[in-house]
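Written out below as structure tokens is the structure these notes cover.
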Amino acid sequence: MPNEKDILTQLQKIPYPGSRHDIVTLGLVRTVTLQENNVTVHFRPSSATPDTLQRLSQKITATLSAVSGIGTVSIHTGRPSGPEAGPGPVTAPGKTPLPGVNKVIAVASGKGGVGKSTVAVNLAMAIHALGYRVGLLDADVYGPSVPLMMGTEAVPRAGHDKKIFPVEKYGISLISMGFFLDDESPVIWRGPVVMGIIRQFLRDVLWGELDYLIVDLPPGTGDASLTLAQEIPLSGGVVVSTPQDVALLDVNRGIAMFRQVHVPILGIVENMSYYLCPHCGEREEIFGHGGTAKTGLEVLGEIPLVEEVRTGGDTGKPIVLQHPEHPVSQAFRTLAARVIEASQMSIH
Amino acid sequence: MPIPALIVPLMDEKALRLLWDDDQISTYPFPYLRGWCPCAGCQGHDGERQFIKVENPQLATIKPVGNYALNLGWSDGHDTGIYSFEYLRTLSDQVAEFNATTTER
Ligand SMILES: Nc1ncnc2c1ncn2[C@@H]1O[C@H](COP(=O)(O)OP(=O)(O)OP(=O)(O)O)[C@@H](O)[C@H]1O
Ligand SMILES: [Mg+2]
Ligand SMILES: [Zn+2]
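Quick note, the sequences are listed as chains A and B, same order. Under our numbering, the first residue of the first sequence is numbered 1, with each subsequent residue one higher. Under our numbering, the first residue of the second sequence is numbered 1, with each subsequent residue one higher.
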């Protein structure tokens with residue numbers, strides 16, 4: 001008949017997900033008790049998510065049930081009372097406090113007008129087209145453009161407890177600053193006010209289950225974007241640039257911003273990379289394409305300058321949806337696949 | 001810069017254990033962590049690092065700060081220490097030394 005030590009030895013065979021260290025070494029097992037032949041295991045309070053604890057519990061049950069002489073196995077994840085309780089619920093940094101949201105990816109640029117929102121919108125639509133559940137958070141305080149580009153002025157529905165439901169359009173969930181700010185609000189006081197609103201978004205939007213949440217950050221690398229990059233639990237950042245050298249100087253500021261807040265940069269998107277002639281379909285390198293490679297970042301995609309991209313944005317019908325066969329739509333889907341791949345390498 | 005993937009307060013052992021995303025484990029005794037609180041109140045501004053000796057400190061609160069630090073609060077009410085991950089890694093490298101000197105005494 002096994003004793004408590006034998007049981008600990010068994011538990012030492014169970015690694016923590018993503019680690020080579022076992023759950024006993026990590027301190028996740030607080031107590032093991034044996035009464036007659038029935039085992040009780042208590043977890044220590046930690047930042048491990050309920051999901052992870054459930055998976056570990058199944059492993060523990062399977063492992064111990066295979067040992068001869070062990071009867072029932074019961075596992076407790078509750079917080080002990082008294083001094084053993086320790087600090088309240090602990091979340092690991094970078095772990096998404098957005099319940100149900102798996103990966104949060106920010107789209108940023110060193111300066112305005114490079115097509116950041118266009119890329120964010122079409123990237124969201126393309127990831128959705130690949131079969132994922134997608135949300136889009138338009139956090140651009142200065143010029144929210146998602147309502148226009150997605151063709152909706154809807155007002156988010158209120159749920160219980162001051163929560164709000166995102167607006168659904170074309171199969172993706174949307175929240176935009178534009179839904180809350182009226183056009184008259186002066187840009188100067190938007191900043192601080194908006195930070196409060198963004199914090200509220202993060203807590204109060206009922207995103208439901210999402211595989212990807214795409215965030216359109218404000219242009220540039222000022223306080224607004226920096227604070228947002230810090231407040232939003234980002235899994236990764238994508239930098240958008242045009243191929244001109246000036247724009248590339250700005251890119252370095254975008255890169256520095258993500259580094260400052262320790263958000264892994266997935267790569268760069270070169271927008272208006274070349275001109276795709278609508279008549280002959282030929283590629284014209286009007287801006288000296290390929291400059292983004294000089295940043296040393298992985299080039300995730302090259303999106304040509306195409307009239308339909310602009311009209312798609314202006315009429316609220318993203319090109320990926322309106323003309324799925326268009327080469328630009330293909331370019332966006334390739335970009336989407338690369339972003340998905342790059343984001344899966346990061347653990348957050 | 002590695003960041004913590006798992007945070008386990010060991011209240012019975014009076015230590016904080018971190019599993020980093022590069023799979024390193026660090027274990028910090030509470031008196032050590034409290035002693036090297038990086039806040040301006042504890043450290044002043046003149047650059048010289050000071051150890052603040054506190055009797056039997058208990059970890060009371062842990063809050064992640066963005067993607068770069070943990071804000072730790074203590075049972076003595078002191079909660080202004082923002083421990084950057086970089087700083088925590090440095091502290092981790094020196095914890096063996098601390099453990100050796102405290103067990104000597
Ligand atoms: N690849 C493209 N081909 C053609 N037009 C484009 C392309 N990308 C963006 N545009 C157009 O360029 C303009 C600016 O794009 P967008 O609003 O996406 O930029 P932004 O970086 O988000 O700007 P802001 O800094 O104002 O937020 C829009 O009219 C958009 O339709
Ligand atoms: Mg924009
Ligand atoms: Zn201090």
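Glycine residues also receive a C-beta, built at the ideal position from the N, C-alpha and C atoms.
Exercise. Thinking A/V339 and A/L266 are a contact (beta carbons under 8 Å), I'd like their distance in whole angstroms, please.
Key: Along the first sequence, read from residue 1 onward, the residue named residue 339 of chain A stands at position 339. Along the first sequence, read from residue 1 onward, the residue named residue 266 of chain A stands at position 266. Their Cβ separation, rounded to whole angstroms, is 6 Å, which keeps A/V339 and A/L266 in contact under 8 Å.
Quiz item: Measuring CA to CA, which of A/T72, A/S47, A/A106 is closest to A/I7?
Solution: Translated into positions along the first sequence, residue 7 of chain A becomes position 7. For the residues A/T72, A/S47, A/A106, the minimum Cα distance to A/I7 belongs to A/T72.
Practice problem: On a CA-only basis, which of A/V263, A/Y142, A/G281 is nearest A/G220? Give me that one, please. | Solution: Stepping through the first sequence from its first residue, residue 220 of chain A is reached at position 220. It is A/Y142.
Exercise. For A/T96, decide whether its Cβ has a neighbour in chain B, counting only Cβ atoms nearer than 8 Å.
Key: Translated into the one-based positions of the first sequence, residue 96 of chain A becomes position 96. Per-residue confidence for A/T96 stands at a pLDDT of 47, beneath the threshold of 50, marking its modelled position as unreliable; no derived number is given.
Practice problem: Can you tell me which of the three DSSP states A/M1 falls into? | Solution: Indexing the first sequence from 1 puts residue 1 of chain A at position 1. In this structure, A/M1 counts as coil in the three-state DSSP scheme.
Quiz item: At a CB-CB cut-off below 9 Å, which residues of chain A make contact with B/P31?
Solution: Counting from one through the second sequence, the residue named residue 31 of chain B turns up at place 31. Ordered by position in chain A, no residue passes the 9 Å Cβ test against B/P31, which lies about 16 Å from the chain.
Quiz item: Which residues in the same chain have their Cβ closer than 6 Å to the Cβ of A/G77, if we skip the five residues on either side of it in sequence?
Solution: Here the question's residue 77 of chain A lines up with position 77 in the first sequence. Contrary to the premise, residue 77 of chain A reads as Thr rather than Gly in this sequence. Here the set comprises F43, L53.
Quiz item: Within 10 angstroms of its Cβ, does A/D250 collect 16 or more other Cβ (buried), or is it exposed?
Solution: The sequence position of residue 250 of chain A within the first sequence is 250, counting from 1. By the 10 Å Cβ count, A/D250 comes out buried.
Quiz item: Could you give the distance in angstroms between the alpha-carbon of A/T40 and the alpha-carbon of A/S74?
Solution: Here the question's residue 40 of chain A lines up with position 40 in the first sequence. Here the question's residue 74 of chain A lines up with position 74 in the first sequence. Cα to Cα, A/T40 sits roughly 5 Å from A/S74.
Exercise. List the residues of chain B that A/Y16 touches, going by C-beta distances under 9 Å, in chain order.
Key: Here residue 16 of chain A is taken as the residue at index 16 of the first sequence, counted from 1. Going along chain B in sequence order, the residues near A/Y16 (Cβ under 9 Å) are A5, L6, L19.
Practice problem: From the DSSP output, in three-state form, read off A/K169 for me. | Solution: Residue mapping note: residue 169 of chain A aligns to position 169 of the first sequence, counting from 1. Of the three classes helix, strand and coil, the one that applies to A/K169 here is strand, per DSSP.
Quiz item: In whole angstroms, what is the alpha-carbon distance linking A/V29 and B/P38?
Solution: Translated into positions along the first sequence, residue 29 of chain A becomes position 29. Translated into positions along the second sequence, residue 38 of chain B becomes position 38. Each residue's alpha carbon lies about 31 Å from the other.
Quiz prompt | For A/S329, the nearest candidate out of A/N122, A/G82, A/I23, A/R55 (CA to CA) | solution = Translated into positions along the first sequence, residue 329 of chain A becomes position 329. Per the Cα distances, A/N122.
Practice problem: Consider the C-beta atom of A/L305 and the heavy atoms of ligand 1; say whether any pair is separated by less than 7 Å. | Solution: Position 305 of the first sequence holds residue 305 of chain A. Yes, the beta carbon of A/L305 sits closer than 7 Å to at least one heavy atom of ligand 1.
Practice problem: Tell me whether A/Q10 is buried or exposed, calling it buried when 16 or more other Cβ atoms sit within 10 Å of its Cβ. | Solution: Reading the first sequence from its first residue, position 10 is the one you call residue 10 of chain A. By the neighbour-count rule (16 or more Cβ atoms within 10 Å), A/Q10 is buried.
Practice problem: Output, in sequence order along the chain, the residues in the region 55-81 of chain B whose CB is closer than 9 Å to any CB in chain A. | Solution: Q58, L59, A60, T61, I62, K63, P64, V65, G66, N67, Y68, A69, L70, L72, G73
Exercise. In angstroms with no decimal places, state the Cα-to-Cα distance between A/T61 and A/N38.
Key: Counting from one through the first sequence, the residue named residue 61 of chain A turns up at place 61. Counting from one through the first sequence, the residue named residue 38 of chain A turns up at place 38. Spanning the two alpha carbons is a distance of roughly 12 Å.
Practice problem: Using a Cβ-Cβ cut-off of 8 Å, state whether A/I347 counts as contacting chain B. | Solution: Taking the first residue of the first sequence as 1, we reach residue 347 of chain A at position 347. Low local confidence applies: a pLDDT of 48 at A/I347 is under 50, so the model's placement there is unreliable, with the coordinate-based value given in what follows. Judged by the 8 Å Cβ criterion, A/I347 is in contact with chain B.
Self-check item: Continuous alpha helix (DSSP H) assignments of at least 4 residues falling wholly in the region 61-99 of chain B
Solution: none
Quiz item: Which residue's Cα is closest to the Cα of A/V240: A/G86, A/G291, A/I172?
Solution: Within the first sequence, the letter at position 240 stands for residue 240 of chain A. Looking at the Cα atoms, A/G291 is the closest of the given residues.
Exercise. Pick helix, strand or coil for A/D138, following the three-state DSSP scheme.
Key: The sequence position of residue 138 of chain A within the first sequence is 138, counting from 1. Looking at A/D138 - three-state DSSP - the assignment turns out to be strand.
Quiz item: A/P80: beta carbon under 7 Å from a heavy atom of ligand 1?
Solution: Within the first sequence, residue 80 of chain A is the residue found at index 80, counting from 1. No, the Cβ of A/P80 stays beyond 7 Å of every heavy atom of ligand 1.
Quiz item: Beta carbon of A/V114, beta carbon of A/N271: below 8 Å?
Solution: As a position in the first sequence, residue 114 of chain A is number 114, starting the count at 1. As a position in the first sequence, residue 271 of chain A is number 271, starting the count at 1. Contact flag set, yes.
Practice problem: Taking only beta-carbon positions, decide if A/P327 is within less than 8 Å of chain B. | Solution: Locating residue 327 of chain A in the first sequence gives position 327, where the first residue counts as 1. No, no contact with chain B.
Quiz item: Is there at least one non-hydrogen atom of ligand 2 closer than 7 Å to the beta-carbon of A/G143?
Solution: Counting from one through the first sequence, the residue named residue 143 of chain A turns up at place 143. Answer for A/G143: yes, Cβ within range of ligand 2.
Exercise. Just the C-alpha distance for B/K63 and B/L72, rounded to the nearest angstrom, thanks.
Key: Counting from 1 along the second sequence, the entry for residue 63 of chain B is found at position 63. Counting from 1 along the second sequence, the entry for residue 72 of chain B is found at position 72. Rounded to whole angstroms, B/K63 to B/L72 spans 7 Å at the Cα level.
Practice problem: Work out the CA separation of A/L56 and A/S343 for me, nearest whole Å. | Solution: Against the first sequence, residue 343 of chain A aligns to sequence position 343. Against the first sequence, residue 56 of chain A aligns to sequence position 56. Roughly 25 Å between the two C-alpha positions.
Self-check item: Proximity test, A/K116 beta-carbon vs ligand 1 heavy atom, cut-off 7 Å
Solution: Taking the first residue of the first sequence as position 1, residue 116 of chain A is located at position 116. Yes; taking the cut-off as 7 Å, the Cβ of A/K116 has a heavy atom of ligand 1 nearer than that.
Quiz item: Can the beta-carbon of A/G178 be found less than 8 Å from the beta-carbon of A/P144?
Solution: In the first sequence, the residue the question calls residue 178 of chain A occupies position 178. In the first sequence, the residue the question calls residue 144 of chain A occupies position 144. Going by C-beta atoms, A/G178 is nearer than 8 Å to A/P144.
Quiz item: Buried or exposed: which applies to A/Q103, given that a residue is buried once 16 or more other Cβ atoms fall within 10 Å of its Cβ?
Solution: Sequence index remark: in the first sequence, residue 103 of chain A carries index 103 (1-based). Reading the sequence as shown, one finds Lys at residue 103 of chain A and not Gln. Buried, by the Cβ-count rule.
Self-check item: CB contact below 8 Å: B/P38 versus chain A
Solution: Residue mapping note: residue 38 of chain B aligns to position 38 of the second sequence, counting from 1. Chain A, which has no Cβ nearer than 8 Å to the Cβ of B/P38, makes this no.
Quiz item: Would you say A/R79 faces chain B, with C-beta separation under 8 Å as the test?
Solution: Working through the first sequence from its first residue, we reach residue 79 of chain A at position 79. Not one chain B Cβ lies under 8 Å of A/R79.
Quiz item: Buried or exposed: A/S47, going by 16 or more other Cβ atoms within 10 Å of its Cβ?
Solution: To locate residue 47 of chain A, count along the first sequence from 1; it is residue 47. Flag for A/S47 reads buried.
Quiz item: In chain A, which residues lie with their C-beta within 9 Å of the C-beta of B/D23?
Solution: Indexing the second sequence from 1 puts residue 23 of chain B at position 23. Chain A residues near B/D23: G18, S19, R20, H21.
Quiz item: Should A/G313 and A/M149 be called a contact, given that it needs their Cβ atoms to be closer than 8 Å?
Solution: Start at 1 with the first residue of the first sequence, and residue 313 of chain A comes out as number 313. Start at 1 with the first residue of the first sequence, and residue 149 of chain A comes out as number 149. Going by C-beta atoms, A/G313 is nearer than 8 Å to A/M149.
Self-check item: Contact set, ligand 3 heavy atom to C-beta under 6 Å
Solution: B/C37, B/C39, B/G41, B/C42, B/H78, B/T80, B/G81
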